[in-house]
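A short worksheet on the structure shown next.
Residue numbers (UniProt numbering): 1 to 244.
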């Protein structure tokens with residue numbers, strides 16, 4: 001496990017949160033086959049840890065009581081073979097979201113964040129989709145619905161093209177207040193691997209199976225390689241077909 005690490009400012013705690021979140025998302029999406037294998041129900045209580053370095057680890061809980069940091073959910077491996085894989089991953093994702101928040105606000109309490117700092121930290125965290133939303137494609141589904149409402153994307157784009165841009169201000173005016181409020185939360189296309197927003201200077205690729213968008217760098221696909229791919233399958237879809 002990681003050495004003691006103590007971020008002391010709102011920005012440092014948020015960077016810590018993003019790193020841990022990215023590691024957990026990687027375990028539940030890009031590295032899902034390896035994660036599934038490590039969560040052997042025959043082993044003892046196991047936890048999924050995300051680290052600030054954007055890495056993840058399945059390991060036993062800390063021996064000391066109380067631990068240095070709040071602990072993730074215990075025994076995630078026990079339910080692996082008793083549930084549908086999608087439901088099990090969703091359960092781990094929900095508990096991971098709760099853990100990520102608890103770690104961030106543990107740092108906030110430890111280093112005396114005031115009301116304004118706690119609110120700022122929560123708002124920064126809340127601007128990102130949850131691990132659960134990324135794993136279940138909820139964030140992408142909301143974005144897809146938005147694109148359909150604004151007539152931006154009636155058919156799926158080619159795999160190596162960029163995702164559709166968000167609607168213009170004029171198009172936004174035609175939406176209901178309720179739709180506008182929902183759209184504000186998902187105003188950008190999100191990567192199915194890291195959950196980060198789309199940027200115009202980055203290469204993206206779309207899975208032809210689940211229709212999720214991914215940063216090329218997150219799935220190790222370059223523009224040159226994408227040109228040679230007739231049908232792109234993201235790591236998660238490829239693993240599902242490969243696993244017995």
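Beta carbons are placed, not taken as given, at the ideal position from N, Cα and C, and that holds for glycine.
> So the alpha helix (DSSP H) residue 35 belongs to, where does it begin and stop?
Replying inline: 32-38
> So the alpha helix (DSSP H) residue 85 belongs to, where does it begin and stop?
Replying inline: It spans 85-110 - the alpha helix (DSSP H) in which residue 85 sits, taken as one unbroken run.
> residue 135 lies in the alpha helix (DSSP H); which residues open and close that run?
Replying inline: 131-136
> Starting from residue 58 and walking both ways along the beta strand (DSSP E), at which residues does that stretch end?
Replying inline: 56-59
> Would you call the CB atoms of residue 93 and residue 134 closer than 9 angstroms?
Replying inline: yes
> Using DSSP with H/G/I as helix, E/B as strand and the rest coil, what is residue 221?
Replying inline: Under the three-state reduction of DSSP, residue 221 is assigned to coil, being neither helix nor strand.
>> Please return the same chain residues whose Cβ sits closer than 6 angstroms to the Cβ of residue 73, not counting the five positions on each side in sequence.
In response: Closer than 6 angstroms at Cβ, skipping near neighbours: 95.
>> Can you give me the C-alpha to C-alpha distance between residue 105 and residue 118, rounded to a whole angstrom?
In response: 8 angstroms
>> Along the chain, where does the beta strand (DSSP E) containing residue 214 start, and where does it finish?
In response: 213-215
> Secondary structure at residue 45, three-state DSSP: helix, strand or coil?
Replying inline: coil
> By the 10 Å Cβ neighbour count, where 16 or more other Cβ atoms means buried, how is residue 80 classified, buried or exposed?
Replying inline: buried
>> Report the CB separation of residue 237 from residue 218 in whole angstroms; it is logged as a contact under 8 angstroms.
In response: With 8 angstroms as the limit, residue 237 and residue 218 do not qualify as a contact, their Cβ atoms being about 14 angstroms apart.
>> According to DSSP, simplified to helix, strand and coil, what is residue 76?
In response: Of the three classes helix, strand and coil, the one that applies to residue 76 here is helix, per DSSP.
> Identify the residues that DSSP records as bridge partners of residue 197: which are they?
Replying inline: 190
>> Among 235, 111, 189 and 58, whose alpha-carbon lies nearest the alpha-carbon of residue 208?
In response: 235
> Looking at residue 58 and residue 48, is the spacing between their C-beta atoms short of 9 angstroms?
Replying inline: yes
>> With three or more C-beta pairs closer than 8 angstroms as the rule, is the stretch 121-135 touching the stretch 188-196?
In response: yes
>> Helix, strand or coil, according to DSSP, for residue 175 in the structure here?
In response: Only weak support exists for where residue 175 lies, its pLDDT of 49 falling under 50; the coordinates are left without a value.
> In terms of DSSP beta bridges, what is residue 205 paired with?
Replying inline: Under DSSP, residue 205 forms a beta bridge with 214.
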